[in-house]
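In what follows, a single structure is set out as structure tokens and then discussed.
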Amino acid sequence: MLKQKYFKRNGGLLLQQHLFSNEGNVEKNKLFTSKEMEKATNNRILGQGGQGTVYKGMLIDGSIVAIKKSKMVEGKKCAEKKVEQFINEVIILSQINHRNVVKLLGCCLEAEVPLLVYEFIPNAASAPIYHRDIKSSNILLDDKYRAKVSDFGTSRSVALEQTHLTTRVQGTFGYMDPEYFRSSQFTEKSDVYSFGVVLIELFTGQKPISAEQSEPVRSLVSYFLDSMQENSLFNILDPMVVKDGPEQEIIVVALLAKRCLNLNGKKRPTMKQVAMELELIKASGGNVMEDHGVEESEIDDIIHSWENNPSCSMSTTVTTNSVTFPLN
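Just so we're aligned, residue 1 is where the sequence shown starts under the UniProt record's numbering, counting upward by one.
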């Protein structure tokens with residue numbers, strides 16, 4: 001009786017209705033019982049955060065899975081909102097089958113808090129989907145260091161002809177598209193902006209927002225764009241990137257990140273273009289400038305400024321290797 005109550009409260013009937021109405025467009029996901037979940041996890045916690053707890057589990061067939069349990073919320077409205085996000089994540093992930101998206105295997109609605117069951121990530125022709133919370137902590141690496149996008153709780157699936165989504169502003173401070181913040185209109189280019197922030201995190205090893213006690217709050221985006229404007233990019237890079245990354249390829253990726261972070265969303269590349277450019281950069285070797293339409297003078301200015309800056313004690317030679325951080 002209690003399990004039926006939880007099933008209904010956790011949106012089981014609504015979820016079944018959605019999945020049935022979209023039967024031709026969704027993957028078949030399993031509804032797990034609470035008993036199966038208890039046996040699978042044995043309380044093995046992988047990690048905890050502001051949104052809840054993730055457990056590592058083993059299903060009866062031997063499959064290793066990650067089980068996401070959201071935090072309990074107070075109040076009827078908050079609980080209903082949480083259930084709505086849960087159902088949304090199941091529906092969105094049921095429409096996706098992509099090597100770079102964490103695969104949803106099923107869910108459990110019989111527990112007090114609904115559970116999502118995903119493929120386990122050791123290192124932690126679909127309709128367009130706006131993720132709406134791209135950030136480094138939502139990009140996991142599997143055992144072959146392939147990137148997997150996760151956490152689709154606030155994502156939205158949109159029609160092919162739809163250009164934007166008008167919604168209450170939500171997301172993670174530091175990654176959020178300024179245009180979206182001002183207008184409440186989320187576009188495909190809003191996710192591109194957030195990915196640009198992830199790129200410069202990889203470059204600098206710094207957080208999007210730094211708030212040291214002795215210093216004012218600083219935006220990594222502003223810091224990066226200022227360095228590009230002043231041709232002082234190499235002054236802010238992580239030492240490992242400077243040491244191992246070919247100069248020209250670093251600069252080309254930095255210029256791509258700069259385009260992603262353009263305040264005018266229309267001037268940003270699409271995410272498909274970003275992915276294609278990163279693949280080309282990885283494969284282009286010494287022909288970086290020709291392949292990406294980058295002016296030689298633009299690269300030379302940055303390199304010349306860096307090599308003649310007395311604050312930079314490290315020097316490297318231009319090579320034709322691929323960028324050293326994972327792009328697959």
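Cβ atoms here follow ideal geometry from the backbone N, Cα and C, with glycine treated the same way.
Exercise. Where do the N-terminal and C-terminal ends of the beta strand (DSSP E) with Ala147 fall, by residue?
Worked result: Translated into positions along the sequence shown, residue 147 becomes position 147. 147-149 is the extent of the beta strand (DSSP E) around Ala147.
For this session: Please determine if the stretch 263-279 and the stretch 230-240 are in contact, where contact requires at least 3 C-beta pairs separated by less than 8 angstroms.
Result: no
For this session: Can you tell me which of the three DSSP states Leu256 falls into?
Result: Indexing the sequence shown from 1 puts residue 256 at position 256. The answer is helix: DSSP assigns Leu256 an H, G or I state.
For this session: Kindly list the residues whose CB is nearer than 6 angstroms to the CB of Val101, restricted to its own chain and excluding five residues on each side of it in sequence; keep chain order.
Result: In the sequence shown, the residue the question calls residue 101 occupies position 101. Excluding sequence neighbours, Val101 sits near Val149.
Exercise. Considering only residues of the same chain and omitting the five flanking positions on each side of Lys189, which have a CB-CB separation below 6 angstroms?
Worked result: Position 189 of the sequence shown, counted from the first residue, corresponds to residue 189. Taken in chain order, the residues that qualify are Gly265, Arg268.
Problem set entry | Cα-Cα separation between Ala147 and Ser136, rounded to whole angstroms | Taking the first residue of the sequence shown as position 1, residue 147 is located at position 147. Taking the first residue of the sequence shown as position 1, residue 136 is located at position 136. For Ala147 and Ser136, the distance between alpha carbons rounds to 10 angstroms.
For this session: Quick one: using the 10 Å Cβ neighbour count with 16 as the cut-off for buried, is Ile96 buried or exposed?
Result: Along the sequence shown, one-based indexing puts residue 96 at 96. Looking at its Cβ environment, which holds 16 or more other Cβ atoms inside 10 Å, Ile96 is buried.
Exercise. How is Glu161 classed by DSSP in three states: helix, strand or coil?
Worked result: In the sequence shown, the residue the question calls residue 161 occupies position 161. It is coil, neither helix nor strand.
Problem set entry | Three-pair Cβ contact test at 8 angstroms for the stretch 196-206 versus the stretch 155-170 | no
Exercise. If Val65 sits next to Leu105, beta carbons under 8 angstroms apart, how far is it from one beta carbon to the other, in whole angstroms?
Worked result: Translated into the one-based positions of the sequence shown, residue 65 becomes position 65. Translated into the one-based positions of the sequence shown, residue 105 becomes position 105. Indeed, because the Cβ distance is near 6 angstroms, the residues count as touching under 8 angstroms.
For this session: Could you tell me if Gln170 is buried or exposed, where buried requires 16 or more neighbouring beta carbons within 10 angstroms of its beta carbon?
Result: Start at 1 with the first residue of the sequence shown, and residue 170 comes out as number 170. When all chains shown are included, Gln170 counts as exposed.
For this session: Within 10 angstroms of the Cβ of Ile250, are there 16 or more other Cβ atoms? Answer buried if so, exposed if not.
Result: Here residue 250 refers to the residue found at position 250 of the sequence shown. Burial call: buried.
For this session: Compute the Euclidean distance between the alpha carbons of Asp244 and Asp238, then round it to the nearest angstrom.
Result: What you label residue 244 is simply residue 244 of the sequence shown in a count that begins at 1. What you label residue 238 is simply residue 238 of the sequence shown in a count that begins at 1. If you take the alpha carbons of Asp244 and Asp238, they lie about 10 angstroms apart.
Exercise. If you drop the 5 nearest sequence neighbours on each side, which residues of the same chain put their C-beta closer than 7 angstroms to that of Asn25?
Worked result: The count along the sequence shown starts at 1 and reaches residue 25 at position 25. Bear in mind that the predicted position of Asn25 carries a pLDDT of just 46, short of 50, making it unreliable; the figure below should be weighed with that in mind. So the list reads Gln95, once near-sequence residues are dropped.
For this session: Using the Cα positions of Phe7 and Phe86, report the straight-line distance between them to the nearest angstrom.
Result: Within the sequence shown, residue 7 is the residue found at index 7, counting from 1. Within the sequence shown, residue 86 is the residue found at index 86, counting from 1. So the alpha carbons of these two residues sit roughly 13 angstroms apart.
Exercise. What residues in its chain sit with their C-beta under 7 angstroms from that of Leu14, if we drop five residues either side in the sequence?
Worked result: Along the sequence shown, one-based indexing puts residue 14 at 14. Result list for Leu14: Ile87, in chain order.
For this session: Assign Asp177 to buried or exposed, taking buried as 16 or more other Cβ atoms, counted over all protein chains shown, within 10 Å of its Cβ.
Result: To locate residue 177, count along the sequence shown from 1; it is residue 177. Under this definition Asp177 is a buried residue.
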